[in-house]
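K.L.:
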Amino acid sequence: MPFAKETFEQQQKTERKNEILEMSYEIAKILETGLDRETLQVVVDLLEQGFDPSALASVVKELTRQNN
Amino acid sequence: MQKVNNSKTPEEATHIVALVRQLVSAINGNATEEVLPSSQAKQVRLALKILSSRISSRKQSYVDEQVIVERLKRSLAKANRIRDAVRLLELVNSLKQLCDNHQLTQVLYFLEELAYHEQALSHSKQQRLANQLSDLSLDSTLSNSSNPLKVSNPLLDSAIVDSNQVKNLESRGNEDTSHDDSKPNNTVREDAFQEYIVKENEAYEISEAILVREAIYAVQGIEGKYVKYQEKNDEYAVAPDIGVPQPVRELIRRICRMGWLYKHLKQQLQELQSNPSCGTISRSFCGAIENELDEYYEVLAEVEAQAGMTNFENIENAGLLAAKGRDDLTLRKLFVWCQEPLEKLKWLSVLTEAAYNTKGGALLSILHEFTLHGDKSIQSLVCSILRKASVPLFDAVRKWILDGELDDPYEEFFIASRQGITAEDIWDKKFYIRQSMVPSFLSMESHLISSILLAGKTVVFLRKCCSDGSWLSDKFREPLFREKPLGYNQVDSLRVFVQAACEASSNRLKFLLFEKFLLKGHCIALRNLILLGQGDFVQNLLDSLAADLNEPSSDLYRNNLLGTLDASLRSSSAAITIASALSAEDSMMDNFTNEVLDRMDVRLLHPSSGAQGWDVFSLDYRFDVPLTSIFTKDVMEMYRKISRFLWYLKRSNYLLCTTWNTHFLSSSQDYKHTKLEMKPIARTLYNKIHFVRMKMMHFVENFQYYVMFEVLEVSWNELLNKLQKAQDMNELILAQRLFISKILEKLMLKEKFRSQYQRIRQLLDLTVRYHSFMRTWAMHKSIEDLDFSTEMEKRDENLLSKLVQIETQYDTIFEEFLQDLQTIEKDEIRALLFRLNFNGYYSSKMPTASQIARESHQHLSS
Chain A
53 MPFAKETFEQ QQKTERKNEI LEMSYEIAKI LETGLDRETL QVVVDLLEQG
103 FDPSALASVV KELTRQNN
Chain B
11 MQKVNNSKTP EEATHIVALV RQLVSAINGN ATEEVLPSSQ AKQVRLALKI
61 LSSRISSRKQ SYVDEQVIVE RLKRSLAKAN RIRDAVRLLE LVNSLKQLCD
111 NHQLTQVLYF LEELAYHEQA LSHSKQQRLA NQLSDLSLDS TLSNSSNPLK
161 VSNPLLDSAI VDSNQVKNLE SRGNEDTSHD DSKPNNTVRE DAFQEYIVKE
211 NEAYEISEAI LVREAIYAVQ GIEGKYVKYQ EKNDEYAVAP DIGVPQPVRE
261 LIRRICRMGW LYKHLKQQLQ ELQSNPSCGT ISRSFCGAIE NELDEYYEVL
311 AEVEAQAGMT NFENIENAGL LAAKGRDDLT LRKLFVWCQE PLEKLKWLSV
361 LTEAAYNTKG GALLSILHEF TLHGDKSIQS LVCSILRKAS VPLFDAVRKW
411 ILDGELDDPY EEFFIASRQG ITAEDIWDKK FYIRQSMVPS FLSMESHLIS
461 SILLAGKTVV FLRKCCSDGS WLSDKFREPL FREKPLGYNQ VDSLRVFVQA
511 ACEASSNRLK FLLFEKFLLK GHCIALRNLI LLGQGDFVQN LLDSLAADLN
561 EPSSDLYRNN LLGTLDASLR SSSAAITIAS ALSAEDSMMD NFTNEVLDRM
611 DVRLLHPSSG AQGWDVFSLD YRFDVPLTSI FTKDVMEMYR KISRFLWYLK
661 RSNYLLCTTW NTHFLSSSQD YKHTKLEMKP IARTLYNKIH FVRMKMMHFV
711 ENFQYYVMFE VLEVSWNELL NKLQKAQDMN ELILAQRLFI SKILEKLMLK
761 EKFRSQYQRI RQLLDLTVRY HSFMRTWAMH KSIEDLDFST EMEKRDENLL
811 SKLVQIETQY DTIFEEFLQD LQTIEKDEIR ALLFRLNFNG YYSSKMPTAS
861 QIARESHQHL SS
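Just so you know, the sequences run in chain order A and B. Under our numbering, the first residue of the first sequence is numbered 53, with each subsequent residue one higher. Under our numbering, the first residue of the second sequence is numbered 11, with each subsequent residue one higher.
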């Protein structure tokens, strides 16, 4: 094969990520946050980077407010 | 609380930015593109800003995911969503297994924050619609239309309730941005946040880079898109309707102060230059200021380059970079940089203001005051401006000194000339120092200023009066032209230059005066002819004129007198004396002596009735330019005064001599008769005549000796010395004046010696009377020989009484004169007094000082 294959670990990692995302998305839906999957994905990534959740929350709130 | 940005590497930073962009585009519903539309870019910036700030940080140390879950559960339970609560718990549990605790906490926290956000959003949207509708519809249908909206949406009602709950949720925790205690706690954070958003949002309406650019334009006095000239406050500021945060506004305003200064300065310069009477010095001053402004421009250009203003595509990136705190030109940096040029501009403005209504040397004086400032940089600034501004002044000085030209249409120079001055007065009156225009750095050097005046005057004099144009273009003056240009702060070299110029031109003038115009020769001529130094000439003249001058003055004719004068001049050895005194070549001397003899003149004073010729006659000497500057009208007047006095003296002498003649002749006749036959009266008369004559002779001769030798000769020597040593024209003039005034004083012709002078005149008058008496006596004598009757005795008695009268008068006056002389404290007068005293004869007759004192004492005490 010319291109590199994903290792098993990497596959597992992505799978887990997706699971986490799904569950978070469900929680988000229950709590009626109005987020969609994509946004949530980015948010989770940013949180991983270590950003302050409430700051992030304010950002999202503000941006959504502006878009309306 | 973690701070994110500081510990990140650049790659991570870019990754974060990418993520944020993704977020924004996701929220906006677009796919992530490479180049974002501007609104999204703004949002990205905003997001970054908020993320890097602390406004939303909450103390989280005590928060645990358990707590959060509990909270959420409770809220759901309250909303009667039991199933959802259960589901939530399930999800959380499974998540716990998948990811670590911390991450879960963060996510839950985040989600909690955003809980019910959707409804809040839709609620606000509905509210807005409702407002719009109510605005549009009429009052009657208002309640109807709004009500259905309200009623038909139970979800909305619950949403309203829920949003309240959301607010409650958010009210938990302490916020560090709460600043208003009066408001209820739950809204404080919201408000703070909103304010922040608003401010930050506005900040990004215009990026800092653009503001920097605008500020740089403002600093040059150009209005930009946002920074305009505000009429109200007379300053440059950001237009008030544009969204720029307050501190930034203030910063820009301060930077723009420089722009205002610049504009103001330009205005002032404009005014100065448009003023029609603004002279060359003002113009060069303006030029210097403009030079400074040009330098200012250059520095500005550098700053512009640094701000990347040359390349417009960089603006966007610059904004981003600036937001990230990169090393680029920010407003703050601009402000700090501005301080130094601001200082400079301030001083330039002050200088221009001070220079407003002045010109010429006064302007330079004012500028010079500013150099006394303590700060070195200001000092050097003012110095350089002053140097440039004083260039016209020094040019003018140079031109004046070297060429004697004064080109001063604006009256800026400190040497000025008067109009309408005749050639005679050029030296004296034409040029003067305009004191107001003397710059203060030269005002201490009054000698320098007067030397400048002298040097220029000499050159002008040479050109105009001595018609010596050739010398001015001579190569002798080459070294002067090669001098370094003079400037401000080079007073020493100026002094040297002026000195050299003075010397050169004065030497030339002296040379001309002595060689070409034979100044010395004229002085000698004056001495000999006017001051009656030439004995044979005087004698001759007296002989010829005696008869004429006895006539009443109205009968005299100048022409006749002139002819007589001429004759006696030529017949005397006056010419030879002068020639020998000058010891010059014969050919030249002939010309000169002819000239001299031509210049001699007779001047008749105003004939008054009853005045004799003797009273109005005086000799005169005509001068031409340039010598009239030395022998001015008043000097000549004094000469004539002295001349007349001396003439009178000589006349007395002459008359007494003639009486001797008469006496001798008549007495020789008497020898024919024996002495024994003479009557006693006749004998007394005889004796007395001798006696009186001798007394008078004694006085006149001694006085003449005094005049001729002790007064005239001494002063004459002094004059010759001074003429030799004189450096310049001023000294020559001074020497002449001194000579004359000394003579005047010693001859007691000045006002303070009036009484003495009168006595002398009276004595001399008496000699005249004596002379006329002698003539009558002589006439009598001639008849007497033929007639020996008693009538003669009576006549003799008459004559005797007359003579006695004359004698007593003479005696009293003479004694008084001597007493007067005693009051003069001069050595020469003392000597004169001694001689006149006739071996103590008179002083023994006069009471001594102690006797006078005794008498006056007795008089007082009695």
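Heads up, the beta-carbon is just placed ideally off N, CA and C, and yes, glycines get one too.
Cβ of B/Asp738 within 8 Å of Cβ of B/Thr362?
P.N.:
Not closer than 8 Å, so no.
K.L.:
Is it buried or exposed, B/Asn103, if we count other Cβ atoms within 10 angstroms and call 16 or more buried?
P.N.:
exposed
K.L.:
Using a C-beta cutoff of 8 Å, does B/Leu101 count as contacting chain A?
P.N.:
yes
K.L.:
Would you call the CB atoms of B/Ile395 and B/Ala298 closer than 8 Å?
P.N.:
yes
K.L.:
What are the start and end residues of each continuous beta strand (DSSP E) run of 3 or more residues lying completely inside the segment 598-632 of chain B, in chain order?
P.N.:
610-614, 627-631
K.L.:
So B/Arg805 and B/His790 are supposed to be a Cβ contact under 8 Å. How far apart are they, rounded?
P.N.:
6 Å
K.L.:
When you compare each of B/Lys386, B/Leu773, B/Lys643, B/Leu341 to B/Glu434 by their alpha carbons, which one comes out closest?
P.N.:
B/Lys643
K.L.:
Here's the rule: buried if 16 or more other CB atoms are within 10 angstroms of the residue's CB, otherwise exposed. What is B/Ser294?
P.N.:
It is buried - the Cβ of B/Ser294 has at least 16 other Cβ atoms within 10 Å.
K.L.:
Would you mind telling me which residues of chain B sit closer than 7 Å to A/Gln71, beta carbon to beta carbon, in chain order?
P.N.:
Gln is not the amino acid found at residue 71 of chain A; the sequence shown has Glu there. Residues of chain B passing the Cβ test: Leu108.
K.L.:
Kindly list the residues whose CB is nearer than 6 Å to the CB of B/Gly269, restricted to its own chain and excluding five residues on each side of it in sequence; keep chain order.
P.N.:
Ala228, Val229, Gly231, Tyr246
K.L.:
With distances taken Cα to Cα, identify the nearest neighbour of B/Gln819 among B/Gln622, B/Arg769, B/Leu733, B/Leu843.
P.N.:
B/Arg769
K.L.:
Return the residue from the list B/Lys354, B/Tyr239, B/Ile78, B/Gln832 that minimises the CA-CA distance to B/Ser853.
P.N.:
B/Gln832
K.L.:
Given a cut-off of 8 Å, decide if B/Asp94 and B/Leu86 are closer than it, judged by their beta-carbon atoms.
P.N.:
yes
K.L.:
Taking Cβ to Cβ, would you say B/Ile540 is nearer than 8 Å to B/Leu629?
P.N.:
yes
K.L.:
With respect to the alpha helix (DSSP H) encompassing B/Phe641, which residues constitute its N-terminal and C-terminal limits?
P.N.:
No alpha helix (DSSP H) holds B/Phe641; DSSP gives it neither H nor E.
K.L.:
Tell me the start and end of each unbroken alpha helix (DSSP H) in the segment 265-320 of chain B that is at least 4 residues and wholly inside, in chain order.
P.N.:
Within the segment 265-320 of chain B, the complete alpha helix (DSSP H) runs of at least 4 residues are 290-316.
K.L.:
Please go through the same chain and pick out, in chain order, the residues whose beta-carbon is closer than 7 Å to the beta-carbon of B/Gln50, but skip the five residues on each side of it.
P.N.:
Only Val34, Ser35, Asn38 meet the Cβ criterion.
K.L.:
Between B/Leu575 and B/Leu614, which are expected to be in contact by the criterion C-beta below 8 Å, what is the C-beta distance as a whole number of angstroms?
P.N.:
No, B/Leu575 and B/Leu614 are not in contact; Cβ-Cβ is about 12 Å, not under 8 Å.
K.L.:
Starting from the beta carbon of A/Glu78, find every residue of chain B whose beta carbon is closer than 8 Å, and list them in chain order.
P.N.:
Ordered by position in chain B, the residues that pass the 8 Å Cβ test against A/Glu78 are Arg97, Leu101.
K.L.:
When the distance is taken between beta carbons, is B/Asp558 closer than 8 Å to B/Leu566?
P.N.:
Result yes, Cβ atoms of B/Leu566 and B/Asp558 sit closer than 8 Å.
K.L.:
Residues in the same chain with beta-carbon distance under 8 Å from B/Lys398, minus the five sequence neighbours each way, listed in chain order, please.
P.N.:
Ser294, Phe295, Gly297, Ala298, Asn301
K.L.:
Can you list, in chain order, the residues of its chain whose CB lies under 8 Å from that of B/Leu529, leaving out five sequence neighbours each side?
P.N.:
Leu523, Leu637, Ile640, Leu733, Leu742
K.L.:
Mapping the DSSP letters down to three states, classify B/Ser49 as helix, strand or coil.
P.N.:
Note: B/Ser49 maps to helix in three-state DSSP.
K.L.:
Taking Cβ-Cβ distances below 7 Å as the criterion, which residues of the segment 20-34 of chain B are in contact with chain A?
P.N.:
Listed in sequence order: Ile26, Leu29, Gln32, Leu33, Val34.
K.L.:
With 8 Å as the threshold, decide whether the Cβ of B/Glu128 is near any Cβ in chain A.
P.N.:
Taking Cβ atoms only, chain A reaches closer than 8 Å to B/Glu128, which makes this a yes.
K.L.:
Between B/Met784 and B/Trp670, what straight-line distance do the alpha-carbon atoms span, to the nearest angstrom?
P.N.:
C-alpha separation (whole angstroms): 9 Å.
K.L.:
Is B/Leu282 near B/Ala372, with beta carbons less than 8 Å apart?
P.N.:
no
K.L.:
Closest Cβ-Cβ distance between B/Gln116 and chain A: below 8 Å?
P.N.:
yes
K.L.:
Report yes if the C-beta distance between B/Leu607 and B/Gly531 is below 8 Å; otherwise report no.
P.N.:
no
K.L.:
Could you name the residues that DSSP lists as bridge partners for B/Ile425?
P.N.:
B/Ile443
K.L.:
Return the CA-CA distance between B/Cys475 and B/Leu656, expressed in angstroms with no decimal places.
P.N.:
About 33 Å.
K.L.:
From the beta carbon of A/Lys65, is the nearest beta carbon of chain B less than 8 Å away?
P.N.:
no
K.L.:
Report back the beta-carbon spacing between B/Leu813 and B/Lys698 to the nearest angstrom; my notes put them in contact at under 8 Å.
P.N.:
5 Å
K.L.:
If you draw a straight line from the C-alpha of B/Arg8 to the C-alpha of B/Asp830, how long is it?
P.N.:
Because chain B in this structure spans residues 11 to 872, residue 8 of chain B falls outside the shown range and cannot be described.
K.L.:
To the nearest angstrom, report how far apart B/Ser450 and B/Ser516 are at their CA atoms.
P.N.:
Near 28 Å, if we compare the C-alpha coordinates of B/Ser516 and B/Ser450.
K.L.:
Distance, Cα to Cα, B/His673 vs B/Met802?
P.N.:
18 Å
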